[in-house]
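Going down the list, the protein sequences come from chains A and B. Heads up: the first sequence begins at 429 in the working numbering, then just goes up one per residue. Heads up: the second sequence begins at 429 in the working numbering, then just goes up one per residue.
Protein chains: 2
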Amino acid sequence: MSNIREVAHKAGVSVATVSRVLNNSDSVTSATKARVQDAIHALNYRPSMLGRNLRNSESRLLLVLIPEISNPFYFEVIKGIEETALHHYYNILLCETGSDPIRENIYFDLVTSKMADGIISMDPAVNIDTLTQLAKNHAIIQCSEYETESGIPYVTIDHELAAYEAVEHLIQLGHKQIALINSDKKFLYARQREKGYLQALKDHGITFHEEYVYYTGELGFDHGQRAMQEILKQSKKPTAIFAVSDLLAIGALKEIHAQALHIPHDIAMIGFDKIAFSNMTYPVLSTVEQPMHTMGSRAAEMLIQTIHGKDVHNVILPHRLMKRSSTMGNTNEKGEQLI
Amino acid sequence: MSNIREVAHKAGVSVATVSRVLNNSDSVTSATKARVQDAIHALNYRPSMLGRNLRNSESRLLLVLIPEISNPFYFEVIKGIEETALHHYYNILLCETGSDPIRENIYFDLVTSKMADGIISMDPAVNIDTLTQLAKNHAIIQCSEYETESGIPYVTIDHELAAYEAVEHLIQLGHKQIALINSDKKFLYARQREKGYLQALKDHGITFHEEYVYYTGELGFDHGQRAMQEILKQSKKPTAIFAVSDLLAIGALKEIHAQALHIPHDIAMIGFDKIAFSNMTYPVLSTVEQPMHTMGSRAAEMLIQTIHGKDVHNVILPHRLMKRSSTMGNTNEKGEQLI
DNA sequence: TTGAAAGCGCTAACAA
DNA sequence: TTGTTAGCGCTTTCAA
Numbered sequence: 429m430s431n432i433r434e435v436a437h438k439a440g441v442s443v444a445t446v447s448r449v450l451n452n453s454d455s456v457t458s459a460t461k462a463r464v465q466d467a468i469h470a471l472n473y474r475p476s477m478l479g480r481n482l483r484n485s486e487s488r489l490l491l492v493l494i495p496e497i498s499n500p501f502y503f504e505v506i507k508g509i510e511e512t513a514l515h516h517y518y519n520i521l522l523c524e525t526g527s528d529p530i531r532e533n534i535y536f537d538l539v540t541s542k543m544a545d546g547i548i549s550m551d552p553a554v555n556i557d558t559l560t561q562l563a564k565n566h567a568i569i570q571c572s573e574y575e576t577e578s579g580i581p582y583v584t585i586d587h588e589l590a591a592y593e594a595v596e597h598l599i600q601l602g603h604k605q606i607a608l609i610n611s612d613k614k615f616l617y618a619r620q621r622e623k624g625y626l627q628a629l630k631d632h633g634i635t636f637h638e639e640y641v642y643y644t645g646e647l648g649f650d651h652g653q654r655a656m657q658e659i660l661k662q663s664k665k666p667t668a669i670f671a672v673s674d675l676l677a678i679g680a681l682k683e684i685h686a687q688a689l690h691i692p693h694d695i696a697m698i699g700f701d702k703i704a705f706s707n708m709t710y711p712v713l714s715t716v717e718q719p720m721h722t723m724g725s726r727a728a729e730m731l732i733q734t735i736h737g738k739d740v741h742n743v744i745l746p747h748r749l750m751k752r753s754s755t756m757g758n759t760n761e762k763g764e765q766l767i
Numbered sequence: 429m430s431n432i433r434e435v436a437h438k439a440g441v442s443v444a445t446v447s448r449v450l451n452n453s454d455s456v457t458s459a460t461k462a463r464v465q466d467a468i469h470a471l472n473y474r475p476s477m478l479g480r481n482l483r484n485s486e487s488r489l490l491l492v493l494i495p496e497i498s499n500p501f502y503f504e505v506i507k508g509i510e511e512t513a514l515h516h517y518y519n520i521l522l523c524e525t526g527s528d529p530i531r532e533n534i535y536f537d538l539v540t541s542k543m544a545d546g547i548i549s550m551d552p553a554v555n556i557d558t559l560t561q562l563a564k565n566h567a568i569i570q571c572s573e574y575e576t577e578s579g580i581p582y583v584t585i586d587h588e589l590a591a592y593e594a595v596e597h598l599i600q601l602g603h604k605q606i607a608l609i610n611s612d613k614k615f616l617y618a619r620q621r622e623k624g625y626l627q628a629l630k631d632h633g634i635t636f637h638e639e640y641v642y643y644t645g646e647l648g649f650d651h652g653q654r655a656m657q658e659i660l661k662q663s664k665k666p667t668a669i670f671a672v673s674d675l676l677a678i679g680a681l682k683e684i685h686a687q688a689l690h691i692p693h694d695i696a697m698i699g700f701d702k703i704a705f706s707n708m709t710y711p712v713l714s715t716v717e718q719p720m721h722t723m724g725s726r727a728a729e730m731l732i733q734t735i736h737g738k739d740v741h742n743v744i745l746p747h748r749l750m751k752r753s754s755t756m757g758n759t760n761e762k763g764e765q766l767i
């Protein structure tokens, strides 16, 4: 591998001139520029990012913190981040914390040790104190999950309103016994969505039953399935379920099938996120669509702005209620056939 | 942010000594070591990886090339890669090519420009000539998808045998009209799995019908669904389907439901990969399990070995046929109840 | 055991 | 327009 000195030598110019050609400086005559480019070609030279990055004290790497890569919600967001990052000549360092503080610290070190220029945190279990501390000297954006007190800019949706609308949809279909499958109140989104659930019940004069709220602790199909098993053990079974994640909803659907109950006739189900797989369930899952791609790309834009010292503002993106077969049956409100 | 010079100054030693402490050299007295560590603490110093990496001419970053992050097959593999990488103090740069040569070249540049120490390629559409060329000077491992002529080490499964077993399973259940939903013959795995399909038919004296092979071009639920639509238009419908990917199989399942046909009574279905969703379909999808996590972690080990100049050998990992409800119905071979 | 100094490959300030 | 040179932050050789 040749370096800039060899190129300079071959082209008969100084390293500074080579550097100028590499960085498209306009103070190079086209003649020398051509000579340099020939030399670059002849030596098959590629500038080393190690040298350039040290000199520029940047890594052009963005750290993306996610709790769990298996949740399809994240990869749509990641796609948005990557696309935008690439457009600005950044690459992403994908870091799965598994909500493990040790791993989290390893990843935080990447930014303190200059290996990453900034962080997009999507981890609801992130150590917010450390993050807040870090944000004093480093560019950080919170994506989807956030803490307002940290003062760290975020992009998210209105979780409470979205949940409210989901539950209201169930109520409008005539349901009065509506269970909530939640993950864990330690997550902000979980608290907010629960708040929306409670508010919707209250606003429609439906009494809240504590037995209708089930906490799985984590996300994942099996947790949803287990939650549904518990719920179906109750003497007075709910007629509808709101699950705070499609993953939980899909697991719950499976249990309902296993018990040979009909969806939505016996039990209606609505999830949250609109992951791709929710289009494939039987029946197709009603859910709340999050603008995952936009969320990722906005977060990336905000982070890059922050890195360049600009101020950014919090963003609340719109969500969309998807009324589909798992609540509506095979027809929608207008009586049109659904699959 | 302080640097090594300030630490040295504060501790009253040279930068060399600080460096020695940082790298756990044993030629430092515990007294000086303590002084240095105090200084590090007092200044909240973190060594810059930019400086270290330039000096060591390494980035400690591994580039992972995948075609499409949305395929859950990849993220299980990625988990395996990340875990192993982290264990060796490497991080991963996740790069989604979208099978776009332009993006691919951007990512290849990361290794020629020293931003990545090696590549794990999982992209079946990768430009194999470029990759082969690159492999002369850089550490590269092929994972799952591979080309033998390139001489680049790979870790994979026996796609042909796995497909053979899947189809044989259908035949043993009495099926004679077995369709193949394939992606595209430009992919090696697609050719190999098709070969296994053909061989199984041949070995069991079943005539091959060209109309029973459908190419989707790409992977994805919708492609599977569209394939199934086409297949069901035929006058002589198949009684069983082998799809080369769970994604295609799940899309196909949806179409079968939409046409109110029963699985497996009217049509049996077997997929490939055993992605997490395959446990959640209705009915549960029969499939071929790939050891995704192991595949990833072996690939990472091999790459790190290659980076350190060691020779590595190709690895063929075992697969496992999963006979489940979408072929067996609600009971297995022993008559045990399945869900 | 410790320090001085060279140098990894690059960019940019300054000089010519 | 081009060259000289310092220096980004670190590791390591060589000398003391």
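Cβ coordinates follow ideal geometry from the N, Cα and C atoms, glycine included.
Amino acids of chain A, ordered along the chain, whose beta-carbon sits closer than 9 angstroms to that of residue i
i              : result
residue 474(B) : 537, 540, 541 and 542
residue 695(B) : Near residue 695(B) there are no residues of chain A at all, since even the closest Cβ is about 14 angstroms away, more than 9 angstroms.
Residue i: contacting residues in chain B (beta-carbon distance under 8 angstroms)
i              : result
residue 550(A) : Chain B residues near residue 550(A): none, gap ~14 angstroms exceeds 8 angstroms.
residue 524(A) : 507 and 510
residue 534(A) : 514
Chain-ordered chain B contacts of residue i [CB-CB under 7 angstroms]
i              : result
residue 705(A) : 705
residue 685(A) : 710
Rounded Cβ spacing between residue i and residue j (contact assumed at less than 8 angstroms)
i              : j              : result
residue 441(A) : residue 474(A) : Contact flag wrong, Cβ pair sits at about 18 angstroms.
residue 513(B) : residue 490(B) : 5 angstroms
residue 562(B) : residue 539(B) : 7 angstroms
residue 680(B) : residue 653(B) : 6 angstroms
residue 550(A) : residue 582(A) : Not really, about 10 angstroms apart at Cβ, beyond 8 angstroms.
residue 711(B) : residue 753(B) : 3 angstroms
Neighbour-count burial assignment, residue i, 16 or more Cβ in a 10 Å radius
i              : result
residue 621(A) : buried
residue 507(B) : buried
residue 466(B) : exposed
residue 530(A) : exposed
residue 499(B) : buried
residue 517(A) : exposed
residue 763(A) : Residue confidence is low: residue 763(A) scores 45 on pLDDT, short of 50, so the model does not pin down where it sits. Its coordinate-derived value is still stated next. Under this definition residue 763(A) is an exposed residue.
residue 395(B) : Past the boundaries of the shown model lies residue 395(B); chain B is included only from 429 to 767, so the question cannot be answered.
residue 446(B) : buried
residue 633(A) : exposed
residue 578(A) : buried
residue 737(A) : exposed
residue 433(A) : exposed
residue 483(B) : exposed
residue 546(A) : buried
residue 472(A) : exposed
residue 756(B) : buried
Chain-ordered chain B contacts of residue i [CB-CB under 9 angstroms]
i              : result
residue 564(A) : Result: empty, since nearest Cβ-Cβ is about 11 angstroms, beyond 9 angstroms.
residue 682(A) : 707, 708, 709, 710, 712 and 767
Proximal residues of chain A, C-beta to C-beta of residue i below 7 angstroms
i              : result
residue 649(B) : 704, 707 and 708
_If the cut-off is 8 angstroms on Cβ atoms, which residues from the segment 499–520 of chain A count as contacting chain B, listed in chain order?_
Per Cβ criterion, the list reads 500, 503, 504, 506, 507, 510, 514, 519 and 520.
_Quick test of the definition: if touching needs 3 or more C-beta pairs under 8 angstroms, does the segment 611–630 of chain A touch the segment 576–596 of chain A?_
Between the segment 611–630 of chain A and the segment 576–596 of chain A, the count of Cβ pairs shorter than 8 angstroms is three or higher; the stretches touch.
_chain B contacts made by the segment 629–644 of chain A, where a contact means CB separation under 8 angstroms_ = From the segment 629–644 of chain A, no residue has a Cβ closer than 8 angstroms to chain B.
*Does the pairing of the segment 442–458 of chain A with the segment 452–461 of chain B give three or more beta-carbon distances under 8 angstroms?*
No, they do not touch.
*Compile a chain-ordered list of the residues in the segment 471–497 of chain A whose CB is closer than 7 angstroms to at least one CB of chain B.*
In summary, the residues of the segment 471–497 of chain A whose CB is separated from some CB of chain B by less than 7 angstroms are 474, 475, 476, 477, 478, 479, 481, 482, 485, 487 and 497, in the order they occur in the chain.
*Is there contact here, the segment 596–614 of chain B with the segment 663–681 of chain B, by at least three beta-carbon pairs under 8 angstroms?*
Contact holds: three or more Cβ-Cβ distances are below 8 angstroms.
*Residues in the segment 657–679 of chain A with C-beta within 8 angstroms of chain B's C-beta atoms, listed in sequence order?*
Contacts with chain B (Cβ-Cβ distance below 8 angstroms) from the segment 657–679 of chain A involve 678 and 679, listed in chain order.
_Inter-stretch contact at 8 angstroms, needing at least 3 Cβ pairs: the segment 557–576 of chain B / the segment 727–740 of chain B_ = A contact exists between the segment 557–576 of chain B and the segment 727–740 of chain B.
*Three or more beta-carbon pairs under 8 angstroms between the segment 742–754 of chain A and the segment 545–562 of chain A, yes or no?*
Cβ pair count under 8 angstroms is below three, so no.
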